[in-house]
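Enquirer: What follows is a structure written as C-alpha cells; I'll ask about it next.
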Amino acid sequence: MDDGVGLRERKKLRTRRALVEAALRLFSEKGYEETTVAEIAAAVDVSTRTFFSYFASKEDVVFFDSAVRMREAIAVMRDRRPGEGPIDLLMRVVKGVGADHELTVALTPVRTRLIMTVPALQARALLLMFGTQRVLAAELCRAYPGEIDDTEAAAIVGAVIGAAQIATMISLERGDAPERVIAEALRAIDIAAGDLGAIGRRPGAGERGPRNGAPR
Numbered sequence: 001m002d003d004g005v006g007l008r009e010r011k012k013l014r015t016r017r018a019l020v021e022a023a024l025r026l027f028s029e030k031g032y033e034e035t036t037v038a039e040i041a042a043a044v045d046v047s048t049r050t051f052f053s054y055f056a057s058k059e060d061v062v063f064f065d066s067a068v069r070m071r072e073a074i075a076v077m078r079d080r081r082p083g084e085g086p087i088d089l090l091m092r093v094v095k096g097v098g099a100d101h102e103l104t105v106a107l108t109p110v111r112t113r114l115i116m117t118v119p120a121l122q123a124r125a126l127l128l129m130f131g132t133q134r135v136l137a138a139e140l141c142r143a144y145p146g147e148i149d150d151t152e153a154a155a156i157v158g159a160v161i162g163a164a165q166i167a168t169m170i171s172l173e174r175g176d177a178p179e180r181v182i183a184e185a186l187r188a189i190d191i192a193a194g195d196l197g198a199i200g201r202r203p204g205a206g207e208r209g210p211r212n213g214a215p216r
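So that you can map any letter, position 195 of the sequence shown is 195 in full-length UniProt numbering, and since no number is skipped, the others follow by simple counting.
Here it is in C-alpha cells:
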C-alpha cells in the first residue's frame, strides 16, 4: 500500500513539473497572453481538467513554488537556534529556502523575464513580495519576543529581501547563468546585512528610543 501511495505521489509530482516546464516554455515562445491553458495541457498530454487540479490559473504556474517556499521559511524561523541573532536567522532562511530546488533554480531566468515584461505577472509578483515580507517580519518578531520591535523587523526583512531581489534582476539583465544569479543575490544579502547584525543583540533592543537624537 505504501509503495502504491509513493508511486502516485511521484507521478503527480512529475505531471506538475511537466506542466510548469511546458507552460514557461510556451510563454517564452508564444507570449503569456497568447498561450492558453488548453495548449499547456496538450503539451503534457493531459486534459484541461487535470491542469486545473494542479493550478488555479496561468499565473499560478509562473509562481509554482511560492507556497512551499513560504512554508519552508516559516518552519526555519520557528526553529531559532540558541544564540542566533535576527539577521542571522533571516539570512539562514533566505540562503537555505529553495536553494536545493533544482526546478526553481533552472527556471529563474525565464520566469524573471516573464515577470518583468508581463503586467499581470508584475502585479502578482508585487503582491506576493509584500505579502511575503509582512509574514517574514511578523515571524521575526515572534522569534524574538521583547528583543526586536515591528520596525526593526521590517528594516531587516526589507533590506535583506530587497537587496536579493534587485541583485537578481540586475544579474539576469546582464545575462548571467543561473548559478551566477544566485551567487550575486547571496553577495547582495551579505552586503545588506552589514550593521543590521547588531539589532537584537544590544542592550534595550526592541525598545522605542527618543526621536531626533533627544536624550533618554
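Note that CB positions come from ideal geometry on N, CA and C, so glycine has one too. This structure is a prediction, so every number in the text was calculated from the model and none was measured.
1) Going by CA-CA distance only, name the one from T168, E173, A193 that's closest to I182.
2) Roughly how many angstroms separate the alpha carbons of A75 and A137, rounded to a whole number?
3) Quick check on the DSSP output: what are the complete alpha helix (DSSP H) runs of length 4 or more inside the segment 64-90, in order along the chain?
4) In whole angstroms, what separates the C-alpha of E152 from that of P86?
5) Which word fits P215, buried or exposed, when buried means at least 16 other C-beta atoms lie within 10 angstroms of its C-beta?
6) If I follow the unbroken alpha helix (DSSP H) through residue 230, where does it start and stop?
7) Along the chain, where does the alpha helix (DSSP H) containing T178 start, and where does it finish?
8) Since L24 and R124 are thought to touch, with beta carbons under 8 Å apart, how far apart are those beta carbons, to the nearest angstrom?
9) Of the choices F63, A164, R92, whose alpha-carbon is the least far from that of L186?
10) In angstroms with no decimal places, state the Cα-to-Cα distance between P109 and R8.
11) Classify S57 as buried or exposed, calling it buried when 16 or more other Cβ atoms lie within 10 Å of its own Cβ.
12) I'd like the list of long-range same chain contacts for L89, defined as Cβ closer than 8 Å, with 5 residues on each side in sequence excluded.
13) Please look up how many angstroms separate the CB atoms of G17 and L121, rounded, as I've assumed it's under 8 Å.
14) Judging by CA-CA distance, which residue of T15, A43, M129, R14 is the nearest neighbour of A67?
15) If I measure Cβ to Cβ from I40 and keep anything under 7 Å in the same chain, skipping five residues before and after, which residues do I get?
16) Our contact map puts A73 next to V46 with C-beta atoms below 8 Å; I'd like the distance itself, whole angstroms only.
17) Short of 8 Å in beta carbon distance, which residues of its chain neighbour L107, apart from the five on each side in sequence? Order them along the chain.
18) Measuring CB to CB, does A193 end up less than 9 Å from V157?
Expert: Well, looking at it:
1) The shortest C-alpha to C-alpha distance from I182 to any of T168, E173, A193 is the one to T168.
2) For A75 and A137, the distance between alpha carbons rounds to 14 Å.
3) Contiguous alpha helix (DSSP H) elements confined to the segment 64-90 occur at 66-77, taking only those with 4 or more residues.
4) Roughly 10 Å between the two C-alpha positions.
5) Per-residue confidence for P215 stands at a pLDDT of 37, beneath the threshold of 50, marking its modelled position as unreliable; the derived number appears in the next sentence. With a threshold of 16 other beta carbon atoms within 10 Å, P215 falls short and is exposed.
6) Coverage of the chain is limited to positions 1 through 216, which leaves residue 230 absent and any answer about it impossible.
7) Checking the displayed sequence, the identity of residue 178 turns out to be Pro instead of Thr. 178-193 is the span of the alpha helix (DSSP H), which, as asked, contains P178.
8) Not confirmed; about 15 Å, so no contact.
9) Residue A164 is the option with its Cα nearest to L186.
10) C-alpha separation (whole angstroms): 31 Å.
11) Classified as exposed, S57 has fewer than 16 neighbouring CB atoms from the shown chains inside 10 Å of its CB.
12) Cβ neighbours of L89 beyond the five flanking positions: V76, M77, R80, R81, L140, A143.
13) The question names Gly, yet the displayed sequence has Arg at residue 17. Actually they are not in contact, since the Cβ atoms of R17 and L121 sit about 20 Å apart, beyond 8 Å.
14) Closest in alpha carbon position to A67, among T15, A43, M129, R14, is M129.
15) A distance below 7 Å between beta-carbons, with the five flanking residues on each side excluded, links I40 to the following residues of its chain, in chain order: L19, A22, A23, L26, F51.
16) Incorrect: roughly 31 Å between the Cβ atoms, too far for contact.
17) V20, E21, L24.
18) In terms of Cβ geometry, A193 and V157 do not form a close pair [threshold 9 Å].
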